[in-house]
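Asks:
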Amino acid sequence: MAQTMDTAIELTRPSASQQAVASVQDFFSAMRRNRAGFIGFLALSAIILIALIGPFLVPQTLPTDVHAIYEAPSSRHLLGTDSEGRDVLIQVIAGGQTIILVGFVAAAISTLISITFGALAAYVGGFVDSVVMMLADIVLTIPQIALLAVLAAFIRLNSPWLMAAIIALLAWPTLLRAVRAQVLSLKEREYIEAARLLDLGTPRIVFYEILPTMASFILMNFTIAMTDSIYAQVGLYLLGLAPLAGHNWGIMLNFAWWRGAIFFKNSLLYILAPVTAIALLQLALVMTTRSLEDIFNPRLREG
Amino acid sequence: MSTVAVPAERSARVLPGRVVASAASRLLRTYTVRRAAKALLTIYLVATFTFFLIRLLPGNPVDVYINTLIGQYGMSYQDAANQAAGLFAFHPNQPLVLQYLDYLRGLAQGDFGKSLLSRGTPVTRIIKTYLPWTLFSAGTALLISFSLGVGLGMVMAYKREGPLDHVLSALGSILKSVPNYLLAIMIVVFLGVQLELLPVTDMRGTLSPGTTAEFSLGFLLDALFHAALPIATYVLSTIGAWMLIMKSSTLATLEEDYVTVARARGLSDGRIQSAYVGRNAVLPLFSQLAIAAGFVVGGSVLIEPIFQYQGVGYVLLQSVLQRDYPVMQGIFVVITSAVVVSNLLADLLYSRLDPRIRITSEE
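Residue numbers (this note's numbering), protein chains in the order written: chain S, 13 to 315; chain V, 27 to 389.
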């Protein structure tokens, strides 16, 4: 009898794939609740898709063509050509990948630092809290771009991973403070007190009981961290502080600006191409946070 | 725990040594002193960090400089080291600890060494020449953007869900998310080149040729003419945040009981808006002011080169690109100190305006 009951329950439980489908559906319906947020999410998905697939659809090498320098947009070059006669549209399509990758990795590293130390600082409190907060305050006050510029004099930022790591090491304090404040309030809830009474241990309570309830909050802040690291990264390229090899939107921006394309009226679309690409990516990221904010904070939904 | 400890300490027998110790600890606990100590510590750590960055990293500039002097000018090592000592404000032959102490002593006396490129120019003089322009443009921009943003934010809160609120909200979020250097580029491309509305090439630099620094209207107007584009960029890139924060802060304040009471007492709308809502709603924005100051001063490294506006941001970039280490180090320490000090002032001002801050953090 007991056995048949068990199998009956087993049968009604949705399979793993059904569960996955249901949670994806939940996610979409939650994202759709905020219109601006959903538009941002769709735009972001489109940009990421183009950045991932685009490089495979365009020619891998862009030869210099001295007869086609700064050409106006035409049917052959929809957005015109750059200072070396290379097609701008191809560069836009191929140039998003590293920018998004570095932004993503930098945001992942800084999010990891902030949730680990922010949660521990809030949960353990006392001396650990003071030291972590002190450090966060100090890093927060140092002007980030100025420090990045100084570091660029000593470190060649030729690897995207290195660049992501350095940007991340300066980007964590804001998120850390947010995580800490959040954990401080969660810490007082009954179920955490219950977990403490059960003596589950600090790591388990922090990583299994507290952090999962903050998932959308963390995702929201991750998105913001990504906009910050893309800002810093493109800034480094624009100033010529990172090696200008290969194609990406930051390098395009640098060339378009410093090589004088801005002064050619024909090249308007050329300079607008990287500007628009970066601005759209940032806008899409920020708008996506609106939906995430809604999920995280249901009270906002009524308003 | 701490709430138990305090009465226990008070009830203990008072010994002379203890009085001094507790006075010292009480002093340390006061908000102002702790905040100032933290600011000093930050400046000290940044100075220390840049010293060791320049001195200890492989292929450090001091050794490179000495080697070029030996190789190119055939100097003896001793002469080369002496010359490097003059430029970097510490002697490369001494033990590292002594060099470090020398360097700190120099910093305390305002000696940042000398430029490698414009040989012999003290870094302090370079800072004195360029810093005022950055402080002028960034300060003016912060003032404009703060007051304008606060005003618009209040309007948005009072006209919420109206067409004006929707337009301003959308505009605010867009301005907040587009990087400031892209705004700067767009200003030059559209207003300067495509539409030819602004003489962007004439607006480069900090002053027109022939203008001398003096207290006159002409000088001020010329300075503003050249700073106009950096200021416009800083204002555009920070105003969105002020508008949105002020809007939500005002909305929260409108819900407060004392506003309802003021209304029930029949006070005029103008008085409620300024004395009851406005004053309280603007409080949380002061802590943001410090962050904005850091953002704008740091952002000058990106914005000033775009407009060729010769402030410290511009010079910092040049010194990095040309590897003029003493200048780079000096300007970085000064920029950071400027941000730290403005943070300190904003926090102290905030704690004056809102005593809750002082009390909760003194515990």
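Where is the CB? At the ideal position from N, CA and C, for every residue including glycine.
Just to make sure I have the definition right: I need the residues of chain V whose C-beta is within less than 7 angstroms of the C-beta of Phe267/S. Which are they?
Replies: Near Phe267/S there are no residues of chain V at all, since even the closest Cβ is about 13 angstroms away, more than 7 angstroms.
Asks: Report yes if the C-beta distance between Leu208/V and Val287/S is below 8 angstroms; otherwise report no.
Replies: Going by C-beta atoms, Leu208/V is nearer than 8 angstroms to Val287/S.
Asks: Is Gly130/S close to chain V? Criterion is C-beta to C-beta, closer than 8 angstroms.
Replies: So, not an interface residue.
Asks: Output, in sequence order along the chain, the residues in the region 232-254 of chain S whose CB is closer than 9 angstroms to any CB in chain V.
Replies: Here the close residues are Thr239, Ile242, Tyr243, Val246, Gly247, Leu250, Leu251, Gly252 and Leu253.
Asks: Does Ala164/S have its Cβ less than 8 angstroms from a Cβ in chain V?
Replies: Ala164/S counts as touching chain V.
Asks: Alpha carbon to alpha carbon, how far is Gln245/S from Arg88/S? Give it in angstroms, no decimals.
Replies: Whole-angstrom Cα-Cα distance: 31 angstroms.
Asks: Cβ closer than 8 angstroms: which chain S residues qualify as neighbours of Ile152/V?
Replies: Going along chain S, no residue has its Cβ under 8 angstroms from Ile152/V, so there is no contact; the nearest lies around 16 angstroms.
Asks: To which residues does DSSP link Lys140/V through a beta bridge?
Replies: Answer is Pro148/V, bridged to Lys140/V.
Asks: Using a 10 Å radius around the Cβ and a threshold of 16 neighbouring Cβ atoms, would you call Pro155/S buried or exposed?
Replies: Buried, because 16 or more other Cβ atoms sit within 10 Å of the Cβ of Pro155/S.
Asks: Among Phe234/S, His259/S, Val78/S and Thr73/S, which has the Cα closest to the Cα of Gly300/S?
Replies: First, the residue type needs correcting, since residue 300/S is Thr and not Gly in the sequence shown. Cα-wise, what sits closest to Thr300/S is Phe234/S.
Asks: Is Thr153/S helix, strand or coil by DSSP?
Replies: Reduced to three states, the DSSP call for Thr153/S is helix.
Asks: Assuming Ile150/S and Ala296/S make a contact with CB atoms under 8 angstroms, what is their CB distance in whole Å?
Replies: Not confirmed; about 33 angstroms, so no contact.
Asks: Terminal residues of the continuous alpha helix (DSSP H) containing Ala230/V?
Replies: Note that residue 230/V corresponds to Arg in the displayed sequence, not to Ala. Counting along the chain, Arg230/V falls outside any alpha helix (DSSP H), and DSSP gives it neither H nor E.
Asks: Using a C-beta to C-beta distance shorter than 9 angstroms, which residues of chain S count as neighbours of Phe114/V?
Replies: Correct list: empty, because the minimum Cβ distance to chain S is about 15 angstroms.
Asks: Quick check on DSSP: helix, strand or coil for Val30/V?
Replies: Any reading at Val30/V must be qualified, since the residue scores a pLDDT of 41, below 50, and its modelled position is unreliable; the value itself is stated next. Correct three-state label for Val30/V: helix.
Asks: Buried or exposed for Leu262/S, going by 16 or more other Cβ atoms inside 10 Å?
Replies: Correcting the residue type first, residue 262/S is Gly in the shown sequence and not Leu. Buried, because 16 or more other Cβ atoms sit within 10 Å of the Cβ of Gly262/S.
Asks: When the Cβ atoms of the region 167-184 of chain V are set against those of the region 267-281 of chain V, are three or more pairs found closer than 8 angstroms?
Replies: Counting Cβ pairs under 8 angstroms, three or more are found: they touch.
Asks: So, at 8 angstroms on beta carbons, what are the nonlocal neighbours of Gly252/S in its own chain, with the 5 sequence-adjacent residues on each side left out?
Replies: Excluding sequence neighbours, Gly252/S sits near Asn266 and Trp270.
Asks: By the 10 Å Cβ neighbour count, where 16 or more other Cβ atoms means buried, how is Val36/S classified, buried or exposed?
Replies: Looking at its Cβ environment, which holds fewer than 16 other Cβ atoms inside 10 Å, Val36/S is exposed.
Asks: Along chain V, which residues have their Cβ under 7 angstroms away from the Cβ of Pro155/S?
Replies: By Cβ distance, chain V contributes Gly320, Val323, Gly324, Ile361, Thr362 and Val365.
Asks: List the residues of chain V that Leu295/S touches, going by C-beta distances under 9 angstroms, in chain order.
Replies: Those are Ser199, Ile200, Ser203 and Val204, listed as they occur along chain V.
Asks: Contact defined as beta carbons within less than 8 angstroms: I believe Ala239/V pairs with Phe245/V. What is the distance between those atoms, to the nearest angstrom?
Replies: Yes, Ala239/V and Phe245/V are in contact; Cβ-Cβ is about 7 angstroms, under 8 angstroms.
Asks: Counting Cβ pairs, one atom from each stretch, are 3 or more of them under 8 angstroms apart for the region 104-112 of chain S and the region 60-79 of chain S?
Replies: These segments touch.
Asks: Alpha carbon to alpha carbon, how far is Ala364/V from Ala110/V?
Replies: Ala364/V and Ala110/V: Cα-Cα distance of roughly 28 angstroms.
Asks: Quick one: grab the DSSP three-state call for Thr123/S.
Replies: Three-state result, Thr123/S: helix.
Asks: Taking only the alpha-carbon atoms, compute the straight-line gap between Ser171/V and Asp248/V and give it to the nearest angstrom.
Replies: Their Cα atoms are separated by approximately 21 angstroms.
Asks: Is there a C-beta anywhere in chain S that falls below 8 angstroms from the one on Lys64/V?
Replies: Chain S, which has a Cβ nearer than 8 angstroms to the Cβ of Lys64/V, makes this yes.
Asks: Relative to the C-alpha of Leu169/S, which residue among Lys277/S, Leu248/S and Gln31/S is closest?
Replies: Among Lys277/S, Leu248/S and Gln31/S, the Cα nearest to that of Leu169/S belongs to Leu248/S.
Asks: Under DSSP, the alpha helix (DSSP H) around Ser300/V begins and ends at which residues?
Replies: Run containing Ser300/V: none; DSSP gives neither H nor E here.
Asks: Who are the Cβ neighbours of Lys262/V in its own chain at under 6 angstroms, not counting the five residues just before and after it?
Replies: Reading off the sequence shown, one finds Leu at residue 262/V, where the question assumed Lys. These residues qualify, in order along the chain: Leu201 and Leu209.
Asks: Just to check my reading of the structure: Val204/V and Ala291/S have Cβ atoms closer than 8 angstroms, yes? What is that Cβ distance to the nearest angstrom?
Replies: Going by Cβ atoms, the distance from Val204/V to Ala291/S rounds to 5 angstroms, so yes, they are a contact pair.
Asks: With a Cβ-Cβ cutoff of 8 angstroms, do Tyr302/V and Ala288/V count as a contact?
Replies: Yes. Within cutoff.
Asks: With a threshold of 16 other CB atoms inside 10 Å of the CB of Lys140/V, please say whether the residue is buried or exposed.
Replies: By the neighbour-count rule (16 or more Cβ atoms within 10 Å), Lys140/V is buried.
Asks: Going along chain S, which residues have a C-beta under 8 angstroms from Leu71/V?
Replies: Result: Ile150.
Asks: How far does the alpha helix (DSSP H) with Ser326/V in it extend, from its first residue to its last?
Replies: Run containing Ser326/V: Arg305 to Phe333, per the alpha helix (DSSP H) assignment.
Asks: Name the residues in the region 191-223 of chain S whose C-beta lies less than 8 angstroms from a C-beta of chain V; which are they?
Replies: Listed in sequence order: no entries.
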